[in-house]
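Note that our numbering has the sequence shown beginning at 23, numbered continuously upward. Beta carbons are placed, not taken as given, at the ideal position from N, Cα and C, and that holds for glycine. Keep in mind it's a predicted model, so treat the numbers as computed, not measured. Remarks on the structure that follows.
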Amino acid sequence: MASVTVGLNRYFTLIERSVPTKVGTFIRWLREPSKLWIRIIVAGGLILGGIFSFLPLFGLWMLPLGLLLIAQDMPILQKPLLAVLRWIEMKWKRLRRRFRTRPQPIVAKQPE
23 MASVTVGLNR
33 YFTLIERSVP
43 TKVGTFIRWL
53 REPSKLWIRI
63 IVAGGLILGG
73 IFSFLPLFGL
83 WMLPLGLLLI
93 AQDMPILQKP
103 LLAVLRWIEM
113 KWKRLRRRFR
123 TRPQPIVAKQ
133 PE
């Protein structure tokens with residue numbers, strides 16, 4: 023169980039580093055144990071926003087953050103969520119590697 027907590031904390035740290043400083047500070051504040059009800063409300067809003075990511079105001083990034091916040095208080099979600107996040111991270115790294123090593127198209131020379 024400790025390795026699951028360490029894994030989830032790693033993803034929280036990755037998110038906190040990739041967002042603006044004020045948002046990262048808010049996420050750290052929200053993760054405090056005393057902020058349970060605020061965390062549940064914010065997580066629910068983020069999950070709903072992630073579901074409605076096809077609308078202009080929302081984004082798909084909201085879903086994993088909301089699930090991470092809710093999983094902090096629901097141990098039954100922690101292990102499956104960690105597995106999904108690891109799978110997404112692995113696929114993302116493969117996709118980035120594929121596009122970096124993609125062969126450049128051959129451009130025909132124009133006759134002079």
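Does the beta-carbon distance from residue i to residue j come in below 9 Å?
i, j, result
"Ile73", "Leu85", "yes"
"Gly81", "Gly71", "yes"
"Arg39", "Gln94", "no"
"Arg108", "Gly29", "yes"
Take residue i as the anchor and find which of the options has the nearest alpha-carbon.
i, options, result
"Ala65", "Leu91, Arg108 and Met96", "Leu91"
"Thr27", "Lys113, Lys57 and Met96", "Met96"
"Ile110", "Thr123, Phe121, Trp83 and Arg122", "Trp83"
For the alpha helix (DSSP H) containing residue i, list its first residue and its last residue.
i, result
"Gly88", "Met84 to Ala93"
"Gly66", "Leu58 to Ile73"
"Leu77", "No alpha helix (DSSP H) holds Leu77; DSSP gives it neither H nor E."
"Arg141", "Since the first residue of the chain shown is 23 and the last is 134, residue 141 is not available in this structure."
"Val26", "Ala24 to Ser40"
"Met96", "Taken as a continuous stretch (DSSP letters only), Met96 belongs to no alpha helix (DSSP H), as it is neither H nor E."
**Request:** Evaluate contact between the segment 101-109 and the segment 42-61, counting only Cβ atoms and requiring at least three cross-stretch pairs below 8 Å.
**Result:** no
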